[in-house]
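Comments concern the structure below.
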């Protein structure tokens, strides 16, 4: 079987490795960090949320972004500093508004398929990751927001999602810990939550047991295509600190780019264009040390539409709160004025939680202008992409891994690159790939 190199050991890279190992491929995963899942797969909102499959390409998103531009605590914040990448990305984003409906429906279908497969992987490999299958409750605080949610709900239902409207009284029954009044909401009982970092690390261990090699602290800087496949070169990240570069090289028959926000760079090395933009998101993990805090924290996952905040209960003693979108290039700074709204939100809606011990985090979501993942072959035979999942990386990863593995099967069998569409036909491709 061919030897496939995967660049990136986040959720998409590790699920891709697992899918290829199941098909009998030899797999090597390269990542610049010392461990798997140390960037965007480290501390996200924790939701496996088909109910959050609405793409952002709408006039309403543009208007909100303009209105919030001068607010440092805004859910959507854009640094107005000129950048060709940023403004060209926004131009393409606007150009895809016409596909809002189609892409939302197709993302919903893909998320439903992916969720089933992820659960089966976790059970088969006995991965413990604080899984809670209590559903996701989407709350609205006013009538206008709820009515806009009704329109979105129609699209999600067309995608096959069981998501129903609920009244304010029903919200209190579903999650009694919520202390503020809501106008109404939507409940998706089939959605779930968990710790993405624990899942990815557990799946990486399963890949190693199945024969995969993981090369960490590999700062990949060269990819060359030759008659005998690909030669991938890198320096050890630790060697930079020592002042002496330690050079390594790997030969592989094929390569899959799962490098998150770095995918655009690697695509350029391979003469491809993958217009991923880094959209920063923030999270806090509230340590529920006291029994009173544990009792006051919700057990059902929430999505607050007005604040653009999601929550997950991670075991008995952690409460994850995440949200916001910041267009600020490759800036990974954790800003206090972006973290404070998350803390304030917890204090407002769950005043019984002690927020004296909070761990902040920020990560860069790899987003495409059409909000759809890139799952396709590159121009060079043997090059493939599985990246650009945006805010739904964990939710979609198990399906897109199967899709790109199926494309690699076709390339191997036909000795030619195979293209898997990343939009309308992607769902059918994913369904065909599932055993």
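Numbering (full-length UniProt numbering), first residue to last: 1 to 435. Yeah, the Cβ is synthetic: ideal placement off N, Cα and C, and Gly gets one too.
Own chain partners of residue i with C-beta closer than 6 Å, once the 5 adjacent residues on each side are dropped
| i | result |
| --- | --- |
| residue 455 | Here the chain has residues from 1 to 435 only, and residue 455 is not among them. |
| residue 130 | 194, 195, 314 and 315 |
| residue 248 | 234 |
| residue 159 | 105, 108 and 109 |
| residue 19 | 401, 402 and 405 |
| residue 124 | none |
| residue 236 | 217 and 246 |
| residue 200 | 11, 14, 36, 37 and 41 |
Which listed residue (the options) has its alpha carbon closest to that of residue i
| i | options | result |
| --- | --- | --- |
| residue 394 | 194, 56 and 380 | 194 |
| residue 32 | 13, 124 and 268 | 13 |
| residue 155 | 181, 53, 127 and 140 | 53 |
| residue 95 | 290, 70 and 62 | 62 |
| residue 75 | 283, 173 and 39 | 283 |
| residue 114 | 397, 409 and 408 | 397 |
| residue 360 | 6, 44 and 225 | 44 |
| residue 27 | 212, 91, 93 and 120 | 212 |
| residue 100 | 59, 323 and 177 | 59 |
| residue 272 | 1, 383 and 358 | 383 |
| residue 409 | 254, 291, 317 and 336 | 254 |
| residue 173 | 309, 298 and 23 | 298 |
| residue 250 | 66, 223 and 191 | 223 |
| residue 189 | 150, 208, 84 and 48 | 48 |
Under the three-state DSSP convention, the category residue i falls into
| i | result |
| --- | --- |
| residue 360 | strand |
| residue 373 | coil |
| residue 82 | coil |
| residue 303 | strand |
| residue 418 | Note that residue 418 scores 41 on pLDDT, short of 50, meaning its location in the model is unreliable and no value can be drawn from it. |
| residue 68 | helix |
| residue 18 | helix |
| residue 284 | strand |
| residue 33 | coil |
| residue 126 | coil |
| residue 252 | strand |
| residue 383 | strand |
| residue 395 | helix |
| residue 3 | strand |
| residue 229 | strand |
| residue 487 | In this structure the chain extends from 1 to 435, so residue 487 is not present and cannot be described. |
| residue 216 | coil |
| residue 99 | helix |
| residue 87 | helix |
| residue 270 | coil |
Inter-residue Cα distance where the pair is residue i and residue j
| i | j | result |
| --- | --- | --- |
| residue 265 | residue 375 | 17 Å |
| residue 205 | residue 333 | 30 Å |
| residue 116 | residue 82 | 42 Å |
| residue 276 | residue 263 | 7 Å |
| residue 179 | residue 338 | 23 Å |
| residue 133 | residue 142 | 28 Å |
| residue 187 | residue 413 | 44 Å |
| residue 286 | residue 366 | 25 Å |
| residue 165 | residue 157 | 11 Å |
| residue 17 | residue 144 | 45 Å |
| residue 15 | residue 120 | 13 Å |
| residue 202 | residue 128 | 8 Å |
| residue 147 | residue 305 | 12 Å |
| residue 88 | residue 270 | 21 Å |
| residue 319 | residue 161 | 26 Å |
| residue 311 | residue 231 | 43 Å |
| residue 198 | residue 257 | 22 Å |
| residue 399 | residue 111 | 8 Å |
| residue 407 | residue 323 | 34 Å |
| residue 10 | residue 50 | 20 Å |
| residue 136 | residue 185 | 10 Å |
| residue 30 | residue 163 | 39 Å |
| residue 118 | residue 36 | 18 Å |
| residue 301 | residue 350 | 13 Å |
| residue 362 | residue 64 | 22 Å |
| residue 34 | residue 259 | 15 Å |
| residue 25 | residue 380 | 20 Å |
Sequence-distant residues of the same chain with beta carbon closer than 7 Å to residue i, five excluded per side
| i | result |
| --- | --- |
| residue 328 | 79 and 280 |
| residue 341 | 73 |
| residue 371 | 55, 56, 57, 103 and 390 |
| residue 182 | 139, 140, 141, 168 and 171 |
| residue 274 | 263, 264, 267, 374, 385, 387 and 388 |
Cut-off 8 Å between Cβ atoms - residues of its own chain near residue i, not counting five sequence neighbours on either side
| i | result |
| --- | --- |
| residue 221 | 233, 234 and 235 |
| residue 68 | 74, 75, 76 and 77 |
| residue 219 | 32, 234, 235, 236, 237 and 240 |
| residue 175 | 137, 298, 299, 300 and 302 |
Near the ligand NAD: residue i beta-carbon under 7 Å from a heavy atom
| i | result |
| --- | --- |
| residue 9 | Ligands displayed in this structure: none; no statement on the ligand NAD is therefore possible. |
Please list the segments of the beta strand (DSSP E) lying wholly inside the stretch 289-358, counting only runs of 3 or more residues, in order along the chain. As for any beta strand (DSSP E) of minimum length 3 sitting wholly inside the stretch 289-358, the runs are 301-304, 309-314 and 318-327, ordered along the chain.
Give the list of continuous alpha helix (DSSP H) stretches no shorter than 4 residues that lie fully inside the stretch 141-214. DSSP runs (the alpha helix (DSSP H)) wholly in the stretch 141-214: 143-158, 168-174 and 196-209.
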